[in-house]
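Participant:
Protein chains: 2
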Amino acid sequence: MQVFWQKGYEAASMQDLLAAMNINAPSLYAAFGDKEALFLEAVQRYHANVRAQCNCPGVHTAREWVELLLTELATLFTNRDHPRGCLAVMALMTAPTTSVKVQRVLAQEREQAHGRLRARIQQGVEDGELPPDTEVDVLTDFYGAIISGMSLQARAGATRKGLLAMVQTAMRAWPPAPAKRKAQAKVSAR
Amino acid sequence: MQVFWQKGYEAASMQDLLAAMNINAPSLYAAFGDKEALFLEAVQRYHANVRAQCNCPGVHTAREWVELLLTELATLFTNRDHPRGCLAVMALMTAPTTSVKVQRVLAQEREQAHGRLRARIQQGVEDGELPPDTEVDVLTDFYGAIISGMSLQARAGATRKGLLAMVQTAMRAWPPAPAKRKAQAKVSAR
DNA sequence: GTGATTTAATATCGATCATTATGAAAATCG
DNA sequence: CGATTTTCATAATGATCGATATTAAATCAC
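Residue numbers (my numbering), protein chains in the order written: chain W, 1 to 190; chain E, 191 to 380.
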């Protein structure tokens, strides 16, 4: 997983992978099938790891949830004990476009991650935390772009501190809370 | 340039490049040296093209300048007559980490593009358009991340309309204009 | 302790990689 | 018009790619 993370699909040779796993070629082929299957398992494992690490329990508002997600990813992307940035981003750029299966799995994993983000934002709209006219898809794409952008900047050498500051900037684009008409209307016009 | 744009460095074979240029191998080697040199020329040409297309003359405020830059890039990244996304981003992900020269040129081009963005924002601060306590580097990194993120989303199939909406969202993170103390102080407290 | 079965390491496969030598065609110039 | 240089296409180079046969080692049942 870390070899693909660092080098991408094509640039990661079997020699690199075998050396990292400290096994021989026949063992790898018996266990995983071929390089493509190994790559898919690595990517799916990565997604499962991130999913487990970023489920953000005990957070009540959508805004806090998104901010915590971005914060955890900023930390993950600059972690010292694995390559910088995001394997999922690396995979999208370097995966072989010839294999339909690879493309399908990558698109599916990406759509799932995207869907979780969108669902939480949508929930915020339904809870009245966000204005009813919030463009949920646009906002989802925006924070998705921030995540991709953080991955690239981390790879280019950005510091964790820098990424966390960027998260704060990104949160400034969060829609202002709606006027609480129903709850407050009868109480006062201030 | 378009072959590298689409496939990245490693996945772009000499056969692909030769077919796209419609020449034979000896001609390419005589003209460019080797694959690495060709790659560098392609990347530098791309940067020059983008630089020429996005100099944004006749724009007065930093905010308009940044918004126009993002808008033009959103349009570029979804242009039909070349691969989607940004070659510079693709290059950063797929360039061989072994060659110090490639890494140096890529870092240099990136730093220059980043520097132009930062310089315009800095100018906005000095002009009083932006608050004096504006974190210029953070804001630069933020819009740089948006650009990278747009590239990835374009590659993943985002529409031009979607990217342009994202630009508007990103502009919501622009710092609020500072109170014009000097100019307006004596006139009123309004 | 010995034979049978599984595990692992070495050697090798054809294919393709980037690169260059070889030879033919074309064009330039005296 | 003929000699020479340049231009281009084909083919071959060693290296490395992903993927397997082949052979050695080790485990285990009896």
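Quick reminder that beta carbons are idealized off the backbone N, C-alpha and C, glycines included.
Here the structure is a predicted model, which is why all the values come from computation and not from measurement.
1. Report, in whole angstroms, the separation of the C-beta atoms of GLY8 of chain W and MET280 of chain E, which I expect to be a contact under 8 angstroms.
2. Give every residue of the same chain whose Cβ lies closer than 7 angstroms to the Cβ of LEU353 of chain E, excluding the five residues on either side of it in the sequence, and list them in chain order.
3. Taking the straight line between their C-alpha atoms, what separation do you get for VAL249 of chain E and SER99 of chain W?
4. Here's the rule: buried if 16 or more other CB atoms are within 10 angstroms of the residue's CB, otherwise exposed. What is GLU301 of chain E?
5. Unbroken alpha helix (DSSP H) runs of length 4 or more, entirely within the segment 269 to 326 of chain E: which are they?
6. Is ALA360 of chain E helix, strand or coil by DSSP?
7. List, in chain order, every chain W residue whose beta-carbon is nearer than 7 angstroms to that of PHE332 of chain E.
8. With H, G and I counted as helix, E and B as strand and the rest as coil, what does DSSP make of ASN22 of chain W?
9. According to the Cβ coordinates, are ALA363 of chain E and ALA170 of chain W closer than 8 angstroms?
10. Ignore the nearest five residues each way along the sequence and tell me which others in VAL66 of chain W's own chain have a CB closer than 8 angstroms to its CB.
11. For the segment 89 to 100 of chain W, list every residue whose C-beta sits within 9 angstroms of some C-beta in chain E, in sequence order.
12. Along the chain, where does the alpha helix (DSSP H) containing GLU67 of chain W start, and where does it finish?
13. Mind listing the chain W neighbours of ARG300 of chain E? Cutoff is C-beta to C-beta under 8 angstroms, in chain order.
14. With distance defined between alpha-carbon atoms, name the residue in W:GLY128, W:HIS114, W:LEU106, W:PRO131 nearest to ILE147 of chain W.
15. For the segment 293 to 323 of chain E, list every residue whose C-beta sits within 7 angstroms of some C-beta in chain W, in sequence order.
16. Taking DSSP as the reference, what is the three-state secondary structure of ASN245 of chain E?
Facilitator: On the basis of the data shown:
1. As a position in the first sequence, residue 8 of chain W is number 8, starting the count at 1. As a position in the second sequence, residue 280 of chain E is number 90, starting the count at 1. In fact, because the Cβ distance is near 11 angstroms, the residues do not count as touching under 8 angstroms.
2. Working through the second sequence from its first residue, we reach residue 353 of chain E at position 163. Cβ neighbours of LEU353 of chain E beyond the five flanking positions: ALA264, PHE267, THR268, MET340, GLN343, ALA344.
3. Taking the second sequence and counting its residues from 1, the one referred to as residue 249 of chain E is at position 59. Taking the first sequence and counting its residues from 1, the one referred to as residue 99 of chain W is at position 99. Rounded to whole angstroms, VAL249 of chain E to SER99 of chain W spans 46 angstroms at the Cα level.
4. The residue labelled residue 301 of chain E in the question sits at position 111 within the second sequence. Counting Cβ neighbours within 10 Å, GLU301 of chain E comes out exposed, since fewer than 16 surround it.
5. 277 to 284, 290 to 316
6. Start at 1 with the first residue of the second sequence, and residue 360 of chain E comes out as number 170. The answer is helix: DSSP assigns ALA360 of chain E an H, G or I state.
7. Reading the second sequence from its first residue, position 142 is the one you call residue 332 of chain E. MET166, THR169, ALA170, listed in chain order.
8. For the purposes of this step, residue 22 of chain W is taken as residue 22 along the first sequence, with counting starting at 1. DSSP places ASN22 of chain W in coil when its eight states are reduced to three.
9. On the second sequence, position 173 is the one that residue 363 of chain E refers to. On the first sequence, position 170 is the one that residue 170 of chain W refers to. Cβ atoms of ALA363 of chain E and ALA170 of chain W: closer than 8 angstroms.
10. Here residue 66 of chain W is taken as the residue at index 66 of the first sequence, counted from 1. Excluding residues within five positions, the ones whose Cβ falls inside 8 angstroms are LEU117, ARG120, ILE121, TYR143, MET171, TRP174.
11. VAL89, MET90, LEU92, MET93, THR94, PRO96, THR97
12. Start at 1 with the first residue of the first sequence, and residue 67 of chain W comes out as number 67. Its alpha helix (DSSP H) spans residues 62 to 77.
13. Walking along the second sequence from the start, residue 300 of chain E turns up at place 110. Within chain W, the residues near ARG300 of chain E are ALA156.
14. What you label residue 147 of chain W is simply residue 147 of the first sequence in a count that begins at 1. ILE147 of chain W has its Cα closest to that of W:HIS114, out of W:GLY128, W:HIS114, W:LEU106, W:PRO131.
15. ARG300
16. Counted from its first residue, the second sequence places residue 245 of chain E at position 55. Here ASN245 of chain E sits in coil by DSSP.
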